[in-house]
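Taking it in order: structure first as structure tokens, then the write-up.
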DNA sequence: CCTTATGTAGACTGACAGTCGGTATAGACT
DNA sequence: AGTCTATACCGACTGTCAGTCTACATAAGG
């Protein structure tokens, strides 16, 4: 005897897992809802019972993936001074997580375009954006960088890192390209170092 | 008597203009090829005679739009020292051009995702990417910034600017948000200033 | 048990990208 | 001139896909 809640949760999990694998491997446009049904061993009606549209299903996948990646980052990056250093390693980790496997496709390539700017930013802010903002805020408080609006800066840095992932994904020589971009990103962050500390 | 070349060119222009308006207003996914045909007053066969797929039509629109924007930037930004200043005003101009109207939809939201990283980068490199790379190269030669790989840096800055456009597009208070992001972008670029000049 | 709510199932519909056989016209070659 | 060929253009047709609808199964409440 299986309770309804358990059935429901199991179905949802199966759908999410199947969708995640397919979207990650082939991209949003190339995956049909029927394919998700087949892979999850669920009928169409069942799938639509949980997710009203294909975009909603994709959004759930995006949210799940983003939560996973940002949890990984949060767990592995120390929240201690120097905060600018923490920011750098967090960015590097973000880069690594997104560069490989299905995360790139889901989070970097399809995510923003499919969900649209508004929905995307909601998820983004709740995960990586929040982490970056936190680190920058701490850096400001610790006097590592000038006092300044933190949110736009976090947005910019995330955009830069995202573009780096994209550029490396398209490159032939992955590791060299990745090194170059990570180096450039580090320099960009280092440049934020407080003017006061340099007497400018 | 109208020559074939003229007919061909006229049809192509009409298709491109119609597609540009529709894609810009409603986004790639929401525009059907039939709608483009209606608007351009062309039959489906004719449209497909010029553009083999919907994506190809969109790519032509993207290329045309990108060329227009980057020509505008090139014309209005002086190619003279200080090159970092030129880079900043170029970025600001890119931001302005992309933030308003159909360019945002075409170049920032749909472009990368629809064309895929490889095709996108080809167009990007030929327009904005090229300009940014040029400015950075000049800045390096003039000693305004440290000698370093210029291409990754250009990629990162463009990514940051693109993300800024997206963030401002979604914001309610446009002008304040735009100011904040432009300020942050300027600080990021300023931070690149050569270490030597600061004795670090 | 019987009813109702909740979840499942797959055939069906409308819309869309892309195709295919056909037509008309510009230019080449007698 | 006339004829021929290549190319621009046309629009009905096809296959596929997102999303709907109706019929059915199972768990909780009277």
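Protein chains in written order, with the working numbering: chain W, 1 to 200; chain H, 1001 to 1200.
Glycine included, each C-beta is placed from N, C-alpha and C at the ideal position.
Pair within 8 Å by beta-carbon distance, residue i and residue j
i                      : j                      : result
residue 122 (chain W)  : residue 1109 (chain H) : no
residue 966 (chain H)  : residue 1064 (chain H) : Shown here, chain H extends from 1001 to 1200; a query on residue 966 (chain H) therefore has no answer.
residue 131 (chain W)  : residue 72 (chain W)   : no
residue 1163 (chain H) : residue 159 (chain W)  : yes
residue 58 (chain W)   : residue 83 (chain W)   : no
residue 1018 (chain H) : residue 1036 (chain H) : yes
residue 95 (chain W)   : residue 165 (chain W)  : yes
residue 93 (chain W)   : residue 1188 (chain H) : no
residue 1177 (chain H) : residue 1167 (chain H) : yes
residue 145 (chain W)  : residue 85 (chain W)   : no
residue 1025 (chain H) : residue 1102 (chain H) : yes
residue 77 (chain W)   : residue 107 (chain W)  : no
residue 191 (chain W)  : residue 1191 (chain H) : yes
Pick from the options that is closest to residue i, judged by C-alpha positions
i                      : options                           : result
residue 135 (chain W)  : W:29, W:80 and W:147              : W:80
residue 1118 (chain H) : W:172, W:111, W:119 and W:124     : W:172
residue 1031 (chain H) : H:1037, H:1043, H:1022 and H:1178 : H:1022
residue 1154 (chain H) : H:1179, H:1142, H:1126 and H:1024 : H:1126
residue 1007 (chain H) : H:1046, H:1034 and H:1039         : H:1046
residue 129 (chain W)  : W:151, W:16, W:105 and W:104      : W:151
residue 68 (chain W)   : W:98, W:147 and W:43              : W:98
residue 1056 (chain H) : H:1041, H:1040, H:1042 and H:1033 : H:1033
residue 54 (chain W)   : W:149, W:111 and W:148            : W:111
residue 66 (chain W)   : W:87, W:147, W:105 and W:148      : W:105
residue 179 (chain W)  : W:40, W:120 and W:91              : W:91
residue 273 (chain W)  : W:138, W:148, W:149 and W:42      : Outside the displayed range of chain W (1 to 200) lies residue 273 (chain W), so it cannot be described from this structure.
residue 70 (chain W)   : W:133, W:149 and W:147            : W:133
Any non-hydrogen atom of the ligand NAP closer than 7 Å to residue i Cβ
i                     : result
residue 103 (chain W) : Absence of the ligand NAP is noted for the structure shown, with no ligands found whatsoever.
When Cβ atoms are compared, which residues of the region 1116 to 1130 of chain H fall closer than 7 Å to chain W?
Those residues of the region 1116 to 1130 of chain H that come within reach of chain W (Cβ to Cβ, closer than 7 Å) are 1117, 1118 and 1121.
In chain order, each alpha helix (DSSP H) run of at least 4 residues that lies wholly inside the region 49 to 100 of chain W:
Complete alpha helix (DSSP H) runs here, min 4: 54 to 76 and 83 to 99.
So, do the region 12 to 19 of chain W and the region 33 to 51 of chain W have three or more beta carbon pairs nearer to each other than 8 Å?
yes
Indicate whether the contact test is met: 3 or more Cβ pairs, each with one atom in the region 167 to 184 of chain W and one in the region 1181 to 1192 of chain H, closer than 8 Å.
no
Please specify which runs of the beta strand (DSSP E), each continuous and at least 3 residues long, are wholly inside the region 1109 to 1157 of chain H, giving them in chain order.
none
Taking Cβ-Cβ distances below 7 Å as the criterion, which residues of the region 162 to 181 of chain W are in contact with chain H?
Hits within the stretch, in order: 162, 163, 164, 166, 167, 169, 170, 180 and 181.
Could you please tell me which residues of the region 1099 to 1110 of chain H, in chain order, have their CB closer than 7 Å to any CB of chain W?
Residues passing the 7 Å Cβ filter: 1109 and 1110.
Check each residue of the region 37 to 67 of chain W: if its Cβ is closer than 9 Å to any Cβ of chain H, include it; give the result in chain order.
Those residues of the region 37 to 67 of chain W that come within reach of chain H (Cβ to Cβ, closer than 9 Å) do not exist; the list is empty.
Please list the residues of the region 6 to 38 of chain W that have a C-beta atom closer than 9 Å to any C-beta atom in chain H, keeping them in chain order.
27, 28 and 29
Name, going along the chain, the residues of the region 1072 to 1084 of chain H whose beta-carbon falls closer than 9 Å to a beta-carbon of chain W.
Listed by position, the residues of the region 1072 to 1084 of chain H near chain W (Cβ gap below 9 Å) amount to none.
Just list the alpha helix (DSSP H) runs in the region 156 to 190 of chain W, keeping only unbroken ones of 4 residues or longer that don't cross its boundaries, in chain order.
174 to 190
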